[in-house]
Every structure is written in C-alpha cells, then in structure tokens.
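Below is one structure; the comments refer to it alone.
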Amino acid sequence: MTNATQLLRLDGISLSFKGVKAITDISFSVKKGEICALIGPNGAGKSSLLNVINGVYQADEGQIVYKGNARKNMHPQWAARRGVARTFQNIALFKGMSVLDNVLTGTNLKVKSSWIEQVFNVGRAPADAPQQRQKAEQVIAFLKLQPWRNSIVGNLPYGLQKRVELARALAAEPELLLLDEPMAGMNAEEKAEMSRFIVETRQEFGTTIVLIEHDIGVVMSLSDHVVVLDYGKKIGDGTPDEVRVNPEVLAAYLGTKH
Amino acid sequence: MKFLGKHRWLLLALGLGIASVTAQVQAANEQYFPLQSYRIGPYAAGGSGFFGGFIDYLQYVNAKEGGVNGVKFTWSECETEYVVEKGVECYERLKKGLNGAPAAATNPLSVGIAYATLERSTADKLPLITINHGRTDSTDGSVFPYAFPLQLNPYSEVSAIVNYIATQSGGLDKLKGKKIVTLYHGSPYGKETSPILELLAKKYGFELTLLEVPHPGNEQQSQWLTIRRIKPDWVILRGWGVMNPVALKTAQKTGFPANHIIGNIWSNSEDDAAPAGSAAKGFISITTHPSGTSFPVLQGINQYVIKAGKGNLQDPKRFGNVYYNLGVVNGILNVEAVRVAQAKFGKRPLTGEEVRWGFENLKLDDKRLTELGALGLVQPLKLSCADHEGGGAVRFQQWDGSKWNVISEWVQADRQLLRPIIEKSSHEYAKEKGITPRDCSKETVAAK
Amino acid sequence: MLYKESGQFVTTYRFDKRFFRLKQERLAFALLLAFAFLVVPSIGNDYWFSAILIPFLVLSLAGLGLNLLTGYAGQLSLGSAAFMAVGAFATYNFNLRIEGLPLIISLILGGLTAGGVGLVFGLPSLRIKGFYLIVSTLAAQFFVQWVFTNFTWFSNNSSSGVITAPPLHVFGSDFNSPVGRYLLTLTVVVALGLLAKTIVSGELGRKWMAVRDMDTAAAVIGISVPKTKLLAFAISSFYLGIAGALWAFTYLGTVEPHGFDLTRSFQILFIIIIGGMGSILGNFLGAAFIVLFPILLSNLSSGLFAGAIDPGQLENFQKMIFGALIIFFLIKEPNGLAKVWQTVKQRLRVWPLRF
Amino acid sequence: MNFFLEVFTGGLLAGVMYSLVAIGFVLIYKASGVFNFAQGSMVLFAALTFVSLVERGIPFWGAFAITLITMAVLAWLIEVLVLRQLVNRSPITLFMATLGLSYIVEGLAQAVWGAQVHALDIGINDEPYEVFGILLSQFDLFAAGIAGGLVALLGFLFNKTRIGISLRAVADDQLAALAVGIKLQRLWLIVWAVAGFVGLVAGILWGARVGVQFSLSLIVLKALPVLIIGGFTSIEGAIVGGLIVGASEKLAEVFIGPLIGGGIENWFPYVLAMLFLLVRPYGLFGDKAIERV
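Residue numbers (numbering that gives the first Met the number 0), protein chains in the order written: chain A, 0 to 257; chain B, 0 to 447; chain C, 0 to 354; chain D, 0 to 292.
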C-alpha cells in the first residue's frame with residue numbers, strides 16, 4: 000500500500016546481537032514532511048532501529064521501503080546517496096577536523112569532480128568548490144556556528160558538537176533526517192534552541208525527520224507522529240495525543256509489568 | 000628565551016651540537032685512517048673484533064716503530080651499525096682527514112657500505128679496501144681503480160672450497176657424482192656465488208642443490224630436513240650472523256655430521272661456532288686469517304699494546320680470535336701499502352691516490368711475511384693494476400668445541416677459470432657507467 | 000610584533016584555499032624556497048649535500064607518503080619500505096629496459112608502479128581494521144623484499160643483487176654532482192610536497208580525515224570508505240615509491256633489497272610520530288630530526304666528551320633516546336614537532352608581551 | 000609420506016616455540032589492551048641477562064631468580080612510565096609506544112650486557128631421535144613439554160585464583176572492573192611480571208636453541224601471525240595459532256618453496272594470517288566486537 004506521501008516504511012524488522020533479540024517484528028511508516036519521534040525506555044531498541052534504517056546494522060528479518068524501493072538490507076552509502084542523513088547518540092563527528100571541514104564533508108555527495116581534477120583545479124573542479132563552500136556557509140549561518148568555523152570540533156563543548164553534527168547532516172540537503180537524541184545532555188535553553196533548529200529545518204527545506212528523544216515534553220510539542228518501543232517491540236504508534244492515552248505506553252513508562 | 004617555554008631543551012641541544020663541531024687543530028706528521036666501524040647491532044661481534052684488531056695493529060706500529068718512517072698513524076671512529084646510509088654519512092664526514100692528517104684508505108667491512116661508497120671513493124681518489132668481501136668484479140683494477148677486494152673475492156672463495164672438497168675426495172676427478180648442498184643466506188650476498196657453483200658443478204660433474212634460508216635465519220628446520228632427505232656428501236654454509244650457529248644446531252638435530260659442513264668466510268668466526276655449543280664440534284670453515292696468538296706479530300701487539308693497557312678490545316679473551324686477526328691482517332696490508340707508497344712518494348703523510356699506488360704495488364712474499372711476524376697468518380700476496388685481489392687462497396680450520404685449529408695449508412682458488420667471468424662483469428659495468436678501463440701495461444711499477 | 004594576524008581576514012573561498020593564509024607565511028615560504036634553491040647550492044659542501052641534505056629531503060618525502068596514509072587516512076602501515084623498494088626497482092627497470100625514456104618519466108612510472116602495489120596490499124584494509132592491518136603491511140614488507148632478492152631479473156641479473164643509479168640527466172642537464180643531486184631531489188620534493196598540501200586541504204583530504212576520525216560516520220554521510228582507503232594506499236605508496244627511487248638514485252647511488260627492510264619502515268614511522276601525524280610540515284621536521292640527531296650526538300661525544308663514551312655505547316644510548324622520544328611525544332605531544340613549532344609561533348605572535 | 004610427516008611434526012614442534020612467545024603477548028593484551036611489540040626485546044633482555052649471569056658463575060636457579068626480579072622491575076617501570084601515561088589512548092598509539100619501548104629495551108640490553116653472541120647450554124643433547132622412522136628433536140620435545148607445563152600453570156593462575164578472575168573482569172570491561180574495586184594498576188603490574196616470566200622461559204629456550212644474541216628480538220615477527228590467527232585474547236588460540244603457523248610454513252617451504260625460489264618462510268605466515276583475517280577478521284579464538292554507534 001504505497002502512497003505518494005509515504006517516504007519510509009518498515010515491514011517486520013527484527014534484529015538480534017549474539018542471539019539476544021534487540022528488535023522484534025517492528026513495522027511503521029513515516030510520511031513525507033512529518034516529524035516522527037521514536038520513544039521508549041533505555042534499551043528499548045530505538046537506536047538500533049535507527050541504525051537499521053540507514054544500514055549501519057543489518058536486520059535479520061523484514062524489509063525497508065524507502066521512496067518506493069523495498070530493500071532487505073540498507074547500506075549506509077546507498078542510503079546517503081538517496082538523501083538519508085543522520086546524527087548519532089554519542090556524536091560521530093570527525094574530531095580532528097574543523098567545524099567548516101566537518102560541514103564540508105557533509106556536502107561530499109554533491110561533488111562531481113574527481114580528486115585528480117580537484118588537485119589540478121581543472122575540469123569540473125572549479126565549479127564544484129564554490130558551490131560546496133556556499134552550501135556549507137549557508138548551513139553554518141543557519142545554525143549560527145560562524146564564531147567556531149575554524150575551531151577543531153574535538154575541543155568544542157558538547158552542546159555545540161551536537162549542533163555541528165546537525166550542520167553536517169543538513170549540508171547534505173537530506174530528504175530524510177535521522178536524529179538520535181539531538182538534545183541529550185542539554186539544558187532547557189539549549190533544548191529550546193535545538194527544537195527551534197529542527198522545526199526551522201523542516202520549514203525551510205521540507206525535510207522529513209525521524210528523531211529519538213527522551214524528553215517527553217519536547218517530543219509531544221515537536222512531533223506529528225510518535226512511535227513507542229519497549230523491549231524491542233512496538234507498543235504504540237500514532238499522533239502525540241493518541242499515544243498519550245495508550246494504556247500500554249503508560250504502563251511501560253510508569254514501569255508497570257505487562 | 001621566554002617565548003620558547005617548555006621547548007627550551009630543543010634549542011639547548013641544538014646549540015651544544017653546533018658548539019661541539021670545534022675548530023681544527025694544526026696538522027701533524029700523521030697518516031689518518033677513517034674507521035667506519037660497527038660495535039653494536041646484529042653484526043657487532045664482527046665489527047668490534049675487526050676494528051679492535053685493526054686499531055691495535057696501528058697502535059703497535061706507532062709504539063714499536065713510531066709509525067712508518069716517522070709518520071705516525073692516527074684514526075677516528077664513526078659508528079655505522081652496519082647500516083648503509085650511516086656508513087655513507089661516516090664516509091663523507093671522515094674522508095677529509097683528521098686535523099690535517101690525510102686519509103689513507105677506507106675499510107668499511109660491509110658489502111652494502113662498500114657498494115654505496117664505491118663511486119664516491121673513485122671520485123674522491125680514496126682507496127676502498129674490502130678485504131675478503133666486496134664486489135667480485137672490482138678485482139679488475141683497470142675498471143675499478145680504487146676498490147680492493149684484498150686476498151679473496153666471493154668467487155675465489157667457493158672455488159677454493161670446491162678444490163678442498165676435491166682433495167678430501169682424492170682429486171678433482173673424484174668430484175663426479177658427489178652431492179653438495181649449498182645453504183645460503185637469503186640476500187644478494189648469499190646468492191652471489193650461486194652461478195659460480197653451478198658452473199663448477201657442471202665442470203666437475205657434482206650434484207649441486209642450492210637452499211635458501213630467509214633472513215635472519217632463526218629457523219632452518221625445513222632446509223635441514225630437506226638436506227636429510229638428499230643425504231649430501233658436503234654442505235657448504237654460506238651464512239651470516241645468527242644463521243650460522245642455528246645451522247649447526249639444526250644439523251645436529253637432523254643428524255647431519257658437523258665435520259661435513261664447510262663454512263665460508265662469514266661463517267668462520269668463534270661467534271659463528273661457539274653459540275652452537277657441542278653441535279659445532281668438528282665444523283670446518285675457510286679462513287684467510289687463522290686465529291691464535293702464537294704469531295710473532297700477535298705477541299708483539301700483546302707486548303706493546305695489550306700489556307700497556309691500551310688494547311682496544313673490551314673483552315681481552317677475544318684477543319687473537321678470528322675477527323681480531325682479520326683486523327690485524329687488514330692492518331698489516333694497509334700499513335704495508337703505505338710503506339710501499341712512501342718508498343716512491345717520500346716519507347710524509349700521503350694522499351689517497353698515492354696510497355692506492357702503494358696497494359697496486361704491494362708484494363708480500365714469505366720473506367717479508369717472516370719479517371712482519373705474520374707467516375701463516377697472511378697469505379703471500381701480489382697485487383697489480385689489473386689484479387686487486389692478489390691472493391685467492393684460504394686455509395681450512397676446524398672447531399674443536401672451544402677454538403679453531405688450522406687443518407690445512409693455503410688452498411688456492413682456480414683464479415684462471417674465474418678471471419674471464421670477472422672481466423665480463425667488470426666490462427659490463429664499465430659500459431653501463433661509461434668508464435674507459437685503464438691500460439694497465441702503462442702503469443708505473445714499483446722501483447725495487 | 001613579528002607575527003601579526005590582525006588585518007588579514009579571509010574574504011573569499013579562494014583566499015581560504017591558499018597554502019598559507021598569512022602574508023608573513025607566504026613570504027617566509029618564498030624566502031625559504033629561494034634560499035634552498037639559490038643560496039644553499041653555493042654555500043653547501045659535499046658532506047652537507049650527500050650526508051645531510053639529500054637524505055633529509057628523501058626521508059621527508061617518505062614521511063610525507065606514510066603520513067598521507069597513517070596521519071591523514073588513519074591506516075597504520077609497517078610496510079613503507081616495501082613500497083620504497085618497489086619504486087626504486089621499478090624506476091631502475093623502466094630506465095634500463097625502455098631505451099631513451101627520460102629519467103623523470105621513469106621516476107613517475109616507478110611511483111605509479113609502487114602506487115599499484117600499494118593498492119593491492121591495501122585491499123585487505125577493506126575488511127581488516129585498526130592495527131590488525133599491520134599484518135597486511137608486514138606481508139608487503141617481507142614479500143616485496145623476497146621478490147627482489149629472489150628474482151634477479153629485477154636487478155638486471157647482477158650477481159650481487161645490487162642496483163646502481165644510471166647517470167642522472169634531466170632535460171639535457173647533468174645532475175650527477177652532489178649539488179646536482181641535491182637540486183634534483185629538492186625539485187621533486189618541493190613539487191610533491193605542494194601537491195600533497197593541495198590534496199590534504201581539498202575534498203580528498205577531508206574524506207581521508209573523515210575515515211580516520213570515524214569511518215562509520217563517514218559511510219553514513221555517503222563517503223565511499225573502501226575507495227577512500229584504497230586511494231590513500233595508492234597515493235601514499237606513490238609518494239613512497241618516488242622516495243625510494245630518490246633514495247637509490249640521488250642519495251646512495253646504489254641499493255640492495257635489504258636497504259628497504261623493516262628497520263627502514265620503522266624509521267619512517269618514527270619520522271611521522273616525532274614530526275607530527277596529519278601535518279605536512281611535520282614530515283620535514285621529523286626527517287630533519289632523524290637525520291641530524293644521531294650526527295649531533297656523535298659530534299657531541301667526539302667534540303665535548305672526546306673519548307669518554309665508547310662509540311658503540313653511544314649508539315646504544317642513541318637507540319634508547321630515540322625510543323624514549325617516541326614515547327615522550329606520544330604521551331606529551333601526540334601532534335609532534337609540528338605542534339611544537341605552532342606553539343613557538345603562537346608565542347612569537349604575542350612576544351615580547353607576557354600573557 | 001614419511002618425509003611429509005617428518006616435516007609436519009617438525010613444523011608443529013617449531014610452532015610450539017612460536018606459541019611460547021605469543022603467550023606473552025596474549026597476557027599483556029588481555030590486561031592492558033596493548034599489542035606489546037616490545038615483547039621480543041623483553042625476551043632478548045631476559046635471555047641476555049640470564050646468560051650473562053650464568054657466565055659470571057651464578058648457578059642456574061640463582062640467575063633465574065635474579066632475572067625474574069629484573070624483569071618484574073622492568074615491567075613495573077614500563078607500567079609506571081609508559082602505560083599509566085597512555086590510558087584511554089587508541090590501540091594504534093599504544094602499539095607505537097611499545098615500538099619505542101622495544102628500542103629502549105634493546106638499547107638497554109646491549110648497553111648493559113654488550114653485543115656478543117652467547118651460547119646457552121641447558122643440558123639437553125639434541126641428538127636425533129626416531130619414532131617409527133620419523134625424526135623427532137629431543138630439544139623440541141622438551142620445549143613442548145615446558146610450554147605445556149607453562150600453559151597449565153597459566154591456566155591455573157587465571158582460572159582458579161583471584162588474580163585470574165580480576166584479569167578476566169578487566170579484559171571484559173575495564174570500567175566495570177574498576178567499579179567493583181579491582182586495583183587495575185596492581186593487576187597490570189602482576190600481568191606484566193608474569194609476561195616477563197613467560198618471556199624469560201621463552202628466552203632461555205630460544206637462547207638454548209639458537210644462541211643468545213640480538214636477533215632474538217626478531218622472533219616477535221614470528222609471533223605476530225600466530226596471534227592474528229589465534230586471536231589476541233586467547234592462550235589456547237596462541238597455541239593453536241603457533242601449531243598452524245609452524246606446520247604450514249615448514250610444509251610450504253619444503254613443498255612449495257622449490258617451485259618459486261625458496262626462502263618463503265618470512266612472508267608465508269603473514270599471507271596465511273591475512274587470508275585468515277579475510278575470513279575471520281578477529282582470529283580463530285578472538286572475540287568479535289560489535290561496533291556501537
């Protein structure tokens with residue numbers, strides 16, 4: 000049941016590590032342009048699921064339908080080429096490089112010239128470089144990162160690193176953006192700022208966003224669609240209001256045995 | 000220096016280094032030997048013995064005779080660790096002489112360094128002495144005017160070994176059908192004599208098997224098991240460093256008798272046999288410089304140098320061992336060349352070019368060797384413009400578990416057979432490098 | 000205020016991409032080049048050219064080659080010397096076997112051959128990560144040495160297995176003298192150094208560093224990790240190959256397979272550790288250190304404490320000091336001498352003010 | 000066929016000698032997560048110290064004890080001066096540090112004891128010994144026996160004692176081990192000292208086999224492929240890896256060597272290890288790590 004507004008669909012995804020099930024038979028779909036939140040207690044399998052979506056992990060069973068293409072296994076590069084970008088729970092920036100260079104790597108798929116053309120600045124290279132640069136500067140300005148353009152990211156505070164990681168993802172001009180706890184470890188002020196960036200991202204670029212977040216307040220105000228996981232199973236799926244009243248979800252969050 | 004902060008030490012070190020390159024002192028009436036020695040690293044045992052013997056002989060000549068005709072010898076060392084580029088650095092650093100004393104010749108005792116400094120030596124007109132080793136075709140002095148593989152080049156070495164095996168078997172014709180295995184070090188040095196061995200095998204009809212041992216030679220099980228299967232009459236050991244004792248140990252392990260293993264010139268020292276313990280008993284090797292302290296010249300060194308507490312060896316027990324005596328032999332040949340050259344050019348410190356003339360006109364017969372107290376230690380030798388090797392003979396020695404005993408007189412290599420091969424190679428080299436060989440008939444001969 | 004940054008703002012991208020952002024730096028670099036090309040040839044002597052400057056330049060280039068792979072792309076290699084050997088022997092054979100091929104072309108072909116071999120031994124890196132990779136590079140080290148020792152065709156069947164340099168003629172000029180060999184080496188090293196600087200500050204350099212810092216993240220943003228790694232192996236080996244050929248041709252004039260043994264690989268690794276990983280300048284500082292330090296030490300001992308230290312012992316101490324320095328740098332200054340130099344510059348900037 | 004078996008058994012026995020060196024690596028890797036390249040130089044240092052003491056007239060067990068203490072002190076110095084300073088650094092950095100360490104230890108060994116070659120006789124007359132027409136080396140059998148004893152001893156140490164349990168905890172998860180009160184530094188010291196002991200045993204056996212000299216430190220290059228095949232974390236792996244490397248390289252040298260020029264023993268184990276890695280990137284007995292992102 001493919002429909003035009005559906006960007007991503009997961010069909011019966013299961014994943015296990017050394018025989019321990021991390022995800023069991025999860026299916027849900029994400030509409031184009033929506034902000035979808037994955038929530039659930041620690042160890043519910045949220046990050047694993049995100050990793051399956053863009054191919055960092057390979058699912059044991061099930062398939063992923065992205066932009067109408069069904070695949071059993073995603074591959075990170077395949078996903079990236081088709082407009083999937085993401086951030087990581089534990090920040091996967093290139094720590095030895097500057098903010099600008101990190102953001103520039105995000106634009107790598109837009110580069111048409113080969114490395115030989117670039118080295119000798121011939122062929123397609125002279126056109127590529129300014130274009131790439133312009134995109135990076137635009138994203139840096141959008142996320143207000145100018146003061147740290149040339150700082151080495153490894154030396155930046157945590158909150159800023161999270162923002163740089165978002166910048167790198169945005170530089171790829173993604174259609175689907177996967178954010179793994181973009182606000183973890185932030186204070187209220189920083190969270191508000193990050194929420195604003197996320198909302199503006201969708202407004203400005205029309206990006207579809209799947210995010211994992213623990214702060215229920217933020218999730219409820221930010222997202223159009225919430226998927227709840229517990230012990231690797233889906234226990235809730237719907238609008239924030241629907242999920243809020245789902246008894247199974249309440250039980251999981253209140254720690255009741257089910 | 001405030002702004003340098005914690006990196007002040009760098010500057011300090013740099014400054015000290017520069018300060019240490021101090022001003023030169025006024026020249027004396029001295030002849031200088033630049034020594035590219037090596038006293039550490041895998042081949043330290045050879046280097047410390049050789050350079051110890053060389054230095055002690057120079058000290059002996061200085062102490063006993065006040066040098067040659069009043070020209071005293073001086074030297075300085077530069078550690079190469081047997082590493083080629085360090086040898087080159089040392090060469091470039093030392094070639095200019097010391098405090099005004101001109102350099103006579105270089106003696107690197109390393110094939111690699113010899114190769115790397117060969118063309119430099121020719122350009123700088125400084126003789127390059129590669130006693131018992133070096134480039135085989137540099138025997139041809141018409142193409143290699145400044146290189147001297149004195150006494151024995153690698154080709155002569157195997158030829159002499161095969162001749163020895165023939166005498167043990169009762170003549171060259173008895174070689175037919177004999178099985179000989181050559182176990183060689185996996186390096187260009189190890190492979191160098193393979194074509195000559197093959198040539199000799201064809202000529203005399205013996206069965207030859209060539210087996211390679213990969214560097215460094217810690218493990219030889221597979222090679223010796225193969226030898227055990229072949230059951231050869233003789234094994235020629237063309238080893239290097241640790242490969243030698245391990246070969247002897249593994250031979251014992253696989254039941255091959257040590258007294259049918261013949262070591263070559265780099266497998267012939269105490270350090271090659273002793274570490275194998277009892278497994279080395281009976282092991283035979285060639286030598287151009289028998290060990291022992293009974294030679295009068297060794298007694299002289301003992302009296303003038305060692306007893307005076309000036310001996311170069313750290314471990315006095317090594318006095319008179321194979322490498323030490325090679326150093327002494329090398330000292331004798333160098334000093335004699337200087338003496339010959341002084342007879343022509345005057346009793347003063349000589350240039351490298353003049354010393355080269357001395358080498359090319361060096362002639363040591365039994366009479367001269369007796370005068371030097373080196374009869375039996377050094378082989379009779381006559382060098383010329385065309386022949387930079389001169390001798391080509393070896394004696395055979397056998398290890399008795401604690402020392403070497405000489406078991407043969409000088410055994411000659413078949414140099415007539417080898418000469419055309421050498422000349423072919425040297426002429427190829429001349430062609431490649433655009434060298435016009437000297438016409439040796441026009442060289443001046445020694446005025447005797 | 001010797002070193003002033005103020006007033007020089009980056010206004011355009013082109014400006015940013017230049018080699019040196021500050022006017023003083025550009026000027027200093029131009030002066031350095033002028034000094035190296037014009038002044039040094041007239042004031043240097045044989046010893047300086049043959050024993051210090053040429054090996055310094057060649058080792059800098061080799062360090063640069065390894066640094067591209069290890070410092071930038073994060074792939075540890077213990078087989079640098081193998082690729083140097085391939086470069087040297089390939090250049091020798093191209094020059095020998097193709098009549099009339101210009102030396103420079105032989106050199107480039109030699110480098111490309113080394114690059115190809117590097118690519119092959121880089122293939123396992125697609126599956127093997129981290130320091131397990133040293134197995135592949137050590138395999139290269141031993142295998143290449145064995146090939147050149149065993150197949151005498153590579154050394155033109157010379158009985159000794161040693162190859163010797165052909166006469167060095169480039170564009171009709173004779174470069175055989177020590178000065179000539181120095182200038183030839185300098186030209187090649189400067190050209191390749193600038194090329195490397197362009198590569199690492201461009202897209203490919205960023206991809207290398209991305210793979211180095213976090214390969215999973217690199218894959219996620221669409222970088223082809225296998226291709227990036229293989230390019231690092233190939234380009235690094237190209238540089239090492241050229242360095243090997245220069246080592247054989249302009250420095251020693253001769254080389255045997257043993258001259259490119261594991262010790263050489265370690266030496267090159269030490270250059271980049273001491274000089275600084277992920278820095279172009281670091282290779283030059285590291286190579287200068289490795290060439291000069293032993294010479295300083297032995298001069299010190301023969302000059303200041305003449306005869307007090309046995310030369311053999313000195314070498315032992317040198318070895319220990321080297322080892323200690325490696326550890327010291329890894330602990331205290333993982334970015335090596337390049338970082339030390341930066342710190343000094345930083346202080347120059349505010350000097351003589353205290354801060 | 001006999002010849003094949005002879006080469007095969009000879010190879011297995013030689014492989015035990017490699018395993019002996021490899022065990023030292025495994026111990027240190029388990030405790031500190033370091034691939035200790037300096038293990039080879041430590042073997043050299045131990046053997047050189049031991050043989051020099053014996054040559055100076057100190058009886059076997061006295062020399063053994065003194066060397067053991069020296070190795071423990073050396074281990075302590077390494078722990079304090081190097082490893083403690085490099086906590087939490089990447090494995091590659093640690094590896095390079097041990098490379099520097101090997102230079103220091105080699106330089107030190109030669110500075111203290113000189114560069115001479117020493118013979119070491121432990122009283123085994125290595126006459127050939129035939130079983131069903133197959134040649135066996137008495138020395139290698141003896142060495143295999145020692146290695147077996149050593150493995151049993153280490154097995155006891157690591158499975159039955161507190162130290163062993165702590166060690167396994169550390170190998171599993173350093174932070175968790177710290178949290179339950181394991182004194183990491185004391186543990187490191189013990190393991191390094193035990194590795195020194197293994198190094199000493201390996202040094203004596205290798206020294207007796209090939210003589211005590213500089214190139215003893217090169218056996219590290221034989222141990223590396225053994226570890227790759229067996230996995231860095233398993234003593235059993237080191238034994239099996241050693242046997243595989245020993246037997247296969249001998250068979251390759253004897254049967255494949257002549258076809259391609261011989262002398263292939265230096266690179267063959269590496270190519271073999273590489274092939275193993277391509278199939279099993281974490282070795283035969285190694286743990287597969289899951290990359291967490």
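For glycine and all other residues, C-beta sits at the position ideal for the given N, C-alpha and C.
Boundaries around T342/C are those of the alpha helix (DSSP H), G335 to V349, since no beta strand (DSSP E) includes it. Take the alpha-carbon of T69/D and the one of G238/B: they are about 34 Å apart.
Contact of V189/C with chain A is not assigned, every C-beta pair being separated by 8 Å or more. Q145/A carries a helical assignment under DSSP once its states are collapsed to helix, strand and coil. The DSSP assignment places complete alpha helix (DSSP H) segments of no fewer than 4 residues inside the segment 269–356 of chain B at 269–272, 295–300 and 321–344, in order along the chain.
Under the Cβ distance rule, V180/B does not count among the residues neighbouring chain D, no pair being separated by less than 8 Å. Listed along the chain, the chain C residues whose CB falls inside 9 Å of the CB of G433/B are P166. Per the coordinates, the alpha-carbon of R394/B lies some 10 Å from the alpha-carbon of N404/B. Residues of chain C whose Cβ lies closer than 7 Å to the Cβ of Q109/D are, in chain order, N315. In the structure shown, L37/A falls within a strand segment according to DSSP collapsed to helix, strand and coil.
The three-state secondary structure of C77/B, taken from DSSP, is strand. The Cβ neighbour count for T435/B, taken over all protein chains shown within 10 Å, is under 16; the residue is labelled exposed. Residue contact with chain B for S49/C: present (Cβ-Cβ distance below 8 Å to some residue of chain B). S41/C counts as exposed, since fewer than 16 other beta carbons sit within 10 angstroms of its beta carbon.
In the DSSP assignment, Q115/D forms no beta bridge with any residue.
Those residues of the segment 24–57 of chain D placed with their C-beta closer than 7 Å to a C-beta in chain B do not exist. Residues of the same chain with a CB within less than 7 Å of the CB of A62/D, apart from the 5 flanking positions on each side, are F49, L52 and V53 in chain order.
F265/C is not a Cβ neighbour of L152/D, given a cutoff of 8 Å. Under the DSSP assignment, S13/A falls in the beta strand (DSSP E) whose first and last residues are Q5 to F16. F3/D is outside the set of residues whose beta carbon lies under 8 Å from a beta carbon in chain B. H224/A is classed as buried because its beta carbon has at least 16 other beta carbons within 10 Å across all chains shown.
Proximity of the segment 316–330 of chain B to the segment 126–138 of chain B meets the contact definition, three or more beta-carbon pairs being nearer than 8 Å. Per DSSP, the unbroken beta strand (DSSP E) holding L182/B starts and ends at K178 to H184. For T253/C, the C-beta contacts it makes with chain B under 7 Å involve Y114 and A115, in order along the chain. Under the three-state reduction of DSSP output, N404/B falls in the strand class. Close to chain C, meaning a Cβ-Cβ distance shorter than 7 Å, are the following residues of the segment 79–90 of chain B: E80, V83, E84, V87 and E88. In chain order, I22 and G23 place their CB closer than 6 Å to the CB of V197/D, counting only its own chain and leaving out the 5 sequence neighbours on each side.
Within the DSSP secondary-structure output, D386/B pairs in a beta bridge with D139/B. Using beta-carbon distances, G122/A does not count as an interface residue toward chain C, since no partner is under 8 Å.
Around the beta carbon of F130/C, a 10 Å sphere encloses 16 or more other beta carbons of the protein chains shown; the residue is thus reported as buried. In the displayed model, G153/A falls within a helix according to three-state DSSP. For S440/B, the closest alpha carbon among the candidates S383/B, Q222/B, V410/B and K423/B is that of S383/B. 8 Å or more divides the Cβ of Y181/C from the Cβ of I273/C.
In the structure shown, K202/B adopts helical secondary structure according to DSSP, grouped into three states.
Annotated as proximal: G54/A and A78/A, with beta-carbon spacing under 8 Å. Residues of chain B whose Cβ lies closer than 8 Å to the Cβ of V39/C do not exist, since the nearest Cβ in that chain is about 16 Å away.
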